[in-house]
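What follows is a short report on a single structure.
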Amino acid sequence: RKEVEQDPGPFNVPEGATVAFNCTYSNSASQSFFWYRQDCRKEPKLLMSVYSSGNEDGRFTAQLNRASQYISLLIRDSKLSDSATYLCVVSMNTGFQKLVFGTGTRLLVSP
Amino acid sequence: GAVVSQHPSRVICKSGTSVKIECRSLDFQATTMFWYRQFPKQSLMLMATSNEGSKATYEQGVEKDKFLINHASLTLSTLTVTSAHPEDSSFYICSAEGGRSYNEQFFGPGTRLTVL
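If you read the protein sequences in the order shown, they are chains A and B.
Numbering follows our numbering, with no gaps: position 59 of the first sequence is 59.
For our numbering, count along the second sequence from 1 and bump the result up by 1000.
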């Protein structure tokens, strides 16, 4: 079983749509949680950290459910520029912060 | 701030040759640097972690004699792929941790390696 599981997609949505991605992780000792964005052939970029209380950054809302080991990302009012692969990432502190990446969910926003 | 560079961005080499990739933190001192590999349609996989002046810690299944890591200073780490083979063709990405954002990793732009 993969440590971090995501639906690979692609999710094809029109501009303005709301889209939600989910992710599950297997290691209950995971301490920190993130969503990264990766454009084709580029490095991943931190989109936002995820907290149990939920957090929002503009059109993006992330939520963590530790009991279910489940992380979500909601994107409202999708823009063409949101087209990318969204990576669910968990970390454990093993003396350093070890990041474990999911394979990503691909989003395609069309006009 | 928190910029990480990688060089080269792309390299094509013949099977059997060695390739060196540099990772630099440009505006902060990196206490720890990480090397990842990403095959097409797969997730980033941590290969090894290095701290300045000490030996790298390799993840299970990563050959330390094939992937040589040198972390000579707080701003530079190098990954050398020795005797490269076509199956080593991948996207290699480094990240660095340090500076003001303690525990946040800043990623380099990646190096695409193609071994013929």
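Glycine included, C-beta positions come from ideal geometry on N, C-alpha and C.
Report the rounded CA-to-CA distance for residue i versus residue j, giving the unit in angstroms.
| i | j | result |
| --- | --- | --- |
| residue 59 of chain A | residue 36 of chain A | 15 Å |
| residue 1112 of chain B | residue 1038 of chain B | 10 Å |
| residue 109 of chain A | residue 38 of chain A | 15 Å |
| residue 1048 of chain B | residue 85 of chain A | 24 Å |
| residue 1081 of chain B | residue 18 of chain A | 43 Å |
| residue 1009 of chain B | residue 1110 of chain B | 6 Å |
| residue 23 of chain A | residue 1096 of chain B | 25 Å |
| residue 47 of chain A | residue 55 of chain A | 12 Å |
| residue 5 of chain A | residue 51 of chain A | 18 Å |
Would residue i and residue j qualify as a contact pair, given that the criterion is a beta-carbon distance under 9 Å?
| i | j | result |
| --- | --- | --- |
| residue 33 of chain A | residue 71 of chain A | yes |
| residue 1115 of chain B | residue 1021 of chain B | no |
| residue 1006 of chain B | residue 1093 of chain B | yes |
| residue 1071 of chain B | residue 1084 of chain B | no |
| residue 44 of chain A | residue 1044 of chain B | yes |
| residue 1041 of chain B | residue 10 of chain A | no |
| residue 1030 of chain B | residue 1003 of chain B | no |
| residue 1090 of chain B | residue 1023 of chain B | no |
| residue 1079 of chain B | residue 1052 of chain B | no |
Taking DSSP as the reference, what is the three-state secondary structure of residue i?
| i | result |
| --- | --- |
| residue 1087 of chain B | helix |
| residue 80 of chain A | helix |
| residue 1 of chain A | coil |
| residue 1114 of chain B | strand |
| residue 51 of chain A | coil |
| residue 96 of chain A | coil |
| residue 103 of chain A | coil |
| residue 57 of chain A | strand |
Exercise. Going along the chain, which unbroken runs of the beta strand (DSSP E) with 3 or more residues stay wholly within the stretch 1024-1062 of chain B?
Worked result: Segments of the beta strand (DSSP E) lying fully in the stretch 1024-1062 of chain B: 1030-1038, 1045-1051.
Exercise. Three or more beta-carbon pairs under 8 Å between the stretch 78-96 of chain A and the stretch 5-20 of chain A, yes or no?
Worked result: Taking one beta carbon from each stretch, the stretch 78-96 of chain A and the stretch 5-20 of chain A have 3 or more pairs nearer than 8 Å; the two touch.
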